[in-house]
DNA sequence: CGCGACGTTGATTTGCCTCAACGATTGTGG
DNA sequence: CCACAATCGTTGAGGCAAATCAACGTCGCG
């Protein structure tokens, strides 16, 4: 049976995974179908799971008191998503995590993951790698937010993640890149003129 | 002997550490004194170590091609600092890490850390925790950069890390918070008037 | 003492936002 | 299957937060 092969492949890119390890992981994976516009995390509730995206597109975002939305993260196939801050501290979330398309995710509950890690260092190692890469990624984003103009941020993001740019509404993209939808629209237009 | 007690205490806040574990860690810690203005990481060279700050203040920063400096991170006592992206991928750094005061750091070499983790899951676990917390921290910073005005960012940072604000030159603080030194100066002045 | 690094202040400019109006597309209930 | 609403993107006019530029004061240090 080739259930769960895509997440196994992801893990194998970081550590060696035996058949027994696969079994132990499978035991805690919960497959879940979600419909477009459905929330898998909501402010006020503890984010109990990390979700691996098997199919679909998601975003995590924050709603500021003035009503403005700020997108923290997108996730498409082969990415993880959650309100990570809520997840690791098991405190109430402040983010929404919303499905942007009908999709399929594999969820792992916090306590189950921690037990798995405690029992088997392979998983401890894997999640260390993931967290380290995520941190490095976040630092690069901070740097790009500090040093680049709105147009540069869009150009770079579009080069790195064209797939996300295609699949996601522009106003969400704008709220990820730190600009208004109107300005992103004008930016794209003038970038097109150049090329 | 109470050598290395502060870093042990840091670790104990996350995992249980036996006397043998302490010994294994001590074996890879390299004590190093640094003088103000000294660089412990430079662009082009692989960042071979993670550095735990025993005494002193440091910052990691990037120099944009237009000459502008952007501070990614500060570190004072009981924090780690490095060019983390360079460290985990063992590729050439793009950041400077500079001592802002005379100081003392405990350095851990990449390969030694990885071996330690492979041999003892306690350390795997500890570094997972650290990476997870770092990631959550970075995400909060991204959020605050997206949603807050310059004055709000300063006010919050000053409340959370008054110690860093006191010990660090203002132009570096400005380059961390994403504004010009001139604007930070004006901002502080007007915040003082209010209170 | 004198020089260089740092902070301050004011005048001016600009990148991006706000607000408003208008198409285009999608989806939904009758 | 169409009408209508809702959602999303575009465009333009005007405004504001923060940057830039320039000049000056101050302090620590060689």
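Protein chains in written order, with the working numbering: chain X, 3 to 197; chain C, 3 to 197. Just so you know, even glycine gets a beta-carbon here, dropped at the ideal spot from N, CA and C.
- CA-to-CA, the gap between residue 154 (chain C) and residue 175 (chain C) works out to about 14 Å.
- In the pairwise beta carbon analysis, the stretch 79-93 of chain X is classified as not touching the stretch 13-27 of chain X: fewer than three pairs are separated by under 8 Å.
- Residue nearest to residue 55 (chain C) within the set C:122, C:161, C:100 is C:100 (criterion: CA-CA distance).
- With respect to chain X, the C-beta atom of residue 147 (chain C) has a partner C-beta closer than 8 Å.
- Bridge partners of residue 64 (chain X) according to DSSP: X:72.
- The secondary-structure analysis by DSSP pairs residue 32 (chain X) across a beta bridge with X:109.
- Residue 75 (chain C) counts as buried, since no fewer than 16 other beta carbons sit within 10 angstroms of its beta carbon.
- In this structure, residue 179 (chain X) places its C-beta atom within 8 Å of the C-beta atom of residue 152 (chain X).
- Judged by DSSP in its simplified three-state form, residue 83 (chain C) adopts strand.
- In the DSSP annotation of this structure, the continuous segment of the alpha helix (DSSP H) that includes residue 165 (chain X) starts and ends at 164-169.
- Only buried fits residue 123 (chain C), as 16 or more other CB atoms lie within 10 angstroms of its CB.
- Around the Cβ of residue 32 (chain X), a 10 Å sphere holds fewer than 16 other Cβ atoms; the residue is exposed.
- The continuous stretches of alpha helix (DSSP H) do not include residue 42 (chain C), which lies in the beta strand (DSSP E) extending over residues 41-43.
- Residue nearest to residue 15 (chain C) within the set C:52, C:57, C:131, C:106 is C:131 (criterion: CA-CA distance).
- Residue 41 (chain C) has its alpha-carbon roughly 15 Å from the corresponding atom of residue 94 (chain C).
- Legend: CB atoms of the stretch 123-136 of chain X lying less than 8 Å from CB atoms of chain C belong to residues 123, 126, 127, 129, 130, 133, 134, 135, 136.
- Put simply, the CB of residue 16 (chain X) is far from chain C, with every gap to its CB atoms at 8 Å or more.
- At a cut-off of 8 Å between beta carbons, residue 86 (chain X) contacts chain C.
- In the DSSP assignment, residue 53 (chain X) falls outside any alpha helix (DSSP H) and lies within the beta strand (DSSP E) extending over 51-57.
- Judged by their CB atoms, residue 36 (chain X) and residue 58 (chain X) are nearer to each other than the 8 Å cut-off.
- Note on geometry: alpha-carbon atoms of residue 183 (chain C) and residue 144 (chain C) lie some 20 Å from one another.
- If you ignore the 5 residues before and after residue 125 (chain X), its C-beta comes within less than 6 Å of the C-beta of 118, 119, all in its own chain and listed in chain order.
- Residue 39 (chain C) counts as exposed, since fewer than 16 other beta carbons sit within 10 angstroms of its beta carbon.
- For residue 95 (chain X), the three-state secondary structure derived from DSSP is coil.
- Closer than 8 Å to the CB of residue 51 (chain X) there is not a single CB belonging to chain C.
- C-alpha of residue 8 (chain X) to C-alpha of residue 156 (chain X): approximately 30 Å in a straight line.
- Taking the Cα of residue 49 (chain X) as reference, the smallest distance to any Cα among X:71, X:64, X:171, X:98 is reached at X:98.
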